[in-house]
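Remarks on the structure that follows.
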Amino acid sequence: MQRQHSFDQTELGTLYLVPTPIGNLQDMTFRAVDTLKTVDLIAAEDTRNTQKLLNHFEVETKQISFHEHNTAQRIPQLVEKLLTGISIAQVSDAGMPSISDPGKELVAAAIQNDIPVVPLPGANAGLTALIASGLEPQPFYFYGFLGRKPSFQKQELTELAKHQETLIFYESPHRIAKTLVNMIEIFGADRQAVLARELTKKHEEFLRGTLVELQAWATEDNVRGEFVMLVAGNDAEEVDEEVINLSPVEEVSHLIDSGLTTNAAIKQVAKRREINRQDLYKDYHEI
Numbered sequence: 001m002q003r004q005h006s007f008d009q010t011e012l013g014t015l016y017l018v019p020t021p022i023g024n025l026q027d028m029t030f031r032a033v034d035t036l037k038t039v040d041l042i043a044a045e046d047t048r049n050t051q052k053l054l055n056h057f058e059v060e061t062k063q064i065s066f067h068e069h070n071t072a073q074r075i076p077q078l079v080e081k082l083l084t085g086i087s088i089a090q091v092s093d094a095g096m097p098s099i100s101d102p103g104k105e106l107v108a109a110a111i112q113n114d115i116p117v118v119p120l121p122g123a124n125a126g127l128t129a130l131i132a133s134g135l136e137p138q139p140f141y142f143y144g145f146l147g148r149k150p151s152f153q154k155q156e157l158t159e160l161a162k163h164q165e166t167l168i169f170y171e172s173p174h175r176i177a178k179t180l181v182n183m184i185e186i187f188g189a190d191r192q193a194v195l196a197r198e199l200t201k202k203h204e205e206f207l208r209g210t211l212v213e214l215q216a217w218a219t220e221d222n223v224r225g226e227f228v229m230l231v232a233g234n235d236a237e238e239v240d241e242e243v244i245n246l247s248p249v250e251e252v253s254h255l256i257d258s259g260l261t262t263n264a265a266i267k268q269v270a271k272r273r274e275i276n277r278q279d280l281y282k283d284y285h286e287i
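Its first residue numbered 1, the sequence shown is counted upward by one per residue in full-length UniProt numbering.
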């Protein structure tokens, strides 16, 4: 077991994970700006893009490029700097590092070398879209980008089809119409979904409806901007034969063994059996 006290004095440097705005520069936090000003080095996905952000907030800290194409080269260099006491802020072009962006390999390498890793809260496109979608906000399942090849994408969607959680995807404008066609084939035309476009920017837009309605819009309109796609979970009451004769509490335990969290399992069983969730919670925990 490894135990990290993030702010203890140490001779090692600290790796700070700093979110950046997904569109609106005013979403940059005071702490994020201060961190970028006080670290020794900024590891940026695209130094040209990040320089615009640094200029806006009058940050003069030196940058070094760190992206998916130079990960193998950069990680040993950055870890060596951290081990000598140099603190580094890692940023992606927009939003949270490591969420569909570079970062996870550097985090893993830092942890392996007992280097403190300190995350900062900030902008995230998936959660920003989720809370305004009108779909169930929890539980949710963040998937990120689907595969580009149609056959592989259909395979991914087939594996996701029975998920009861709200599904969150990222998608580019030139692929969104085809992705919606595949979703209609796998999920069904009437599944509720939301397209969140250009979040936090001037032309922010939410399109809410069935998959077939959204696909018609994507086909007819001149689609622009980056998208978050949210798809309602599968609410079909398909019951596994082996749980039919279980008590509610036993079914909760069965779902937990299958990988659900306790709260998600209790919520699912209470909804399916139309019983009070709080009562089931007390029964399960023997309160």
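Each residue gets a CB set at the ideal place from its N, CA and C atoms; glycine is no exception.
Looking at the unbroken alpha helix (DSSP H) that takes in F152, where does it start and where does it end?
Taking the first residue of the sequence shown as 1, we reach residue 152 at position 152. Its alpha helix (DSSP H) spans residues 150–160.
Identify, in the order they occur along the chain, each residue of the same chain with its Cβ nearer than 7 Å to the Cβ of R191, setting aside the five sequence neighbours on each side.
Numbered from 1 along the sequence shown, position 191 holds the residue referred to as residue 191. Cβ neighbours of R191 beyond the five flanking positions: T210, L211, V231, A232.
Among T50, L54, G147, H56, whose alpha-carbon lies nearest the alpha-carbon of S65?
The residue labelled residue 65 in the question sits at position 65 within the sequence shown. Ranking T50, L54, G147, H56 by Cα distance to S65 puts T50 first.
Segments assigned alpha helix (DSSP H), at least 4 residues, entirely inside the segment 70–158:
DSSP runs (the alpha helix (DSSP H)) wholly in the segment 70–158: 71–83, 104–112, 125–133.
Measure the C-alpha to C-alpha separation of T20 and I275 and round it to an integer number of angstroms.
Sequence index remark: in the sequence shown, residue 20 carries index 20 (1-based). Sequence index remark: in the sequence shown, residue 275 carries index 275 (1-based). Those two C-alpha atoms are separated by around 43 Å.
Thinking C-alpha only, which one of P97, K81, A129 is nearest N113?
Residue 113 sits at position 113 when you count from the first residue of the sequence shown. Closest by alpha carbon: K81.
Going by alpha carbons, who is nearest to Y16 out of I186, E156, V117?
The sequence position of residue 16 within the sequence shown is 16, counting from 1. Closest in C-alpha terms to Y16, from the list I186, E156, V117, comes V117.
Going by other Cβ atoms of all chains shown within 10 Å of its Cβ, with 16 needed for buried, is A218 buried or exposed?
Position 218 of the sequence shown, counted from the start, is the residue given in the question as residue 218. A218 should be labelled buried.
Best match in Q9, M28, S100, A89 for proximity to H56 [C-alpha to C-alpha]
Translated into the one-based positions of the sequence shown, residue 56 becomes position 56. Residue M28 is the option with its Cα nearest to H56.
Bridge partner(s) assigned by DSSP for I256
Counted from its first residue, the sequence shown places residue 256 at position 256. Note: I256 sits in no beta bridge, so no partner.
Could you check which residue in R273, K271, A265 has the C-alpha nearest to that of H285?
Counting from 1 along the sequence shown, the entry for residue 285 is found at position 285. Residue A265 is the option with its Cα nearest to H285.
Over the uninterrupted alpha helix (DSSP H) stretch that includes M28, give me the two end residues.
Within the sequence shown, numbered from 1, the residue matching residue 28 stands at position 28. Where M28 is concerned, there is no enclosing alpha helix (DSSP H), given that its DSSP letter is neither H nor E.
Let me confirm a value: A32 is counted as buried when at least 16 other C-beta atoms fall within 10 Å, else exposed. Which label applies?
The count along the sequence shown starts at 1 and reaches residue 32 at position 32. By the 10 Å Cβ count, A32 comes out buried.
To which residues of the same chain is L280 closer than 6 Å at the C-beta, ignoring the five residues directly before and after it?
Sequence index remark: in the sequence shown, residue 280 carries index 280 (1-based). The answer, listed in chain order, is P248, I266, A270.
For V249, does the three-state DSSP call read helix, strand or coil?
Taking the sequence shown and counting its residues from 1, the one referred to as residue 249 is at position 249. If DSSP states are grouped into helix, strand and coil, V249 belongs with the helices.
Run the CB neighbour count on M1, radius 10 Å, all protein chains shown included, and call it buried at 16 or more, exposed below.
Counting from 1 along the sequence shown, the entry for residue 1 is found at position 1. Exposed, since its Cβ has fewer than 16 Cβ neighbours within 10 Å.
Among F30, T10, K149, L12, which has the Cα closest to the Cα of V18?
The residue given as residue 18 occupies position 18 in the sequence shown. When C-alpha distances from V18 are compared across F30, T10, K149, L12, the shortest belongs to F30.
Quick check on R224: does DSSP put it in helix, strand or coil?
Counting from 1 along the sequence shown, the entry for residue 224 is found at position 224. Three-state DSSP puts R224 in coil, outside helix and strand.
Give a yes or no on whether the minimum CB-CB distance between E286 and chain D is below 8 Å.
This model lacks chain D altogether, as it is built from one protein chain only.
Cβ shell of R224 (< 6 Å), same chain only, five flanking positions each side left out:
Residue mapping note: residue 224 aligns to position 224 of the sequence shown, counting from 1. Within the same chain, and ignoring the five residues on either side of R224 in sequence, the residues whose Cβ sits closer than 6 Å to its Cβ are P173.
Do you know offhand how far L246's Cα is from D283's?
Locating residue 246 in the sequence shown gives position 246, where the first residue counts as 1. Locating residue 283 in the sequence shown gives position 283, where the first residue counts as 1. Going from the Cα of L246 to the Cα of D283 covers about 14 Å.
Option nearest R3 by Cα separation, candidates L160, I115, Q215, A109
Numbered from its first residue, the sequence shown carries residue 3 at position 3. Answer by Cα proximity: I115.
Compare the C-alpha of V59 against each of S258, A89, G85 and name the closest.
Against the sequence shown, residue 59 aligns to sequence position 59. By alpha-carbon distance to V59, the top candidate from S258, A89, G85 is A89.
What residues are listed by DSSP as bridge partners for Y284?
Here residue 284 is taken as the residue at index 284 of the sequence shown, counted from 1. None; Y284 has no bridge partner.
In this structure, how does DSSP classify V231 when only helix, strand and coil are distinguished?
Numbered from its first residue, the sequence shown carries residue 231 at position 231. In the structure shown, V231 adopts extended strand secondary structure according to DSSP, grouped into three states.
Sheet register partners of E198 (DSSP bridge)
Numbered from 1 along the sequence shown, position 198 holds the residue referred to as residue 198. DSSP links E198 through a beta bridge to no other residue.
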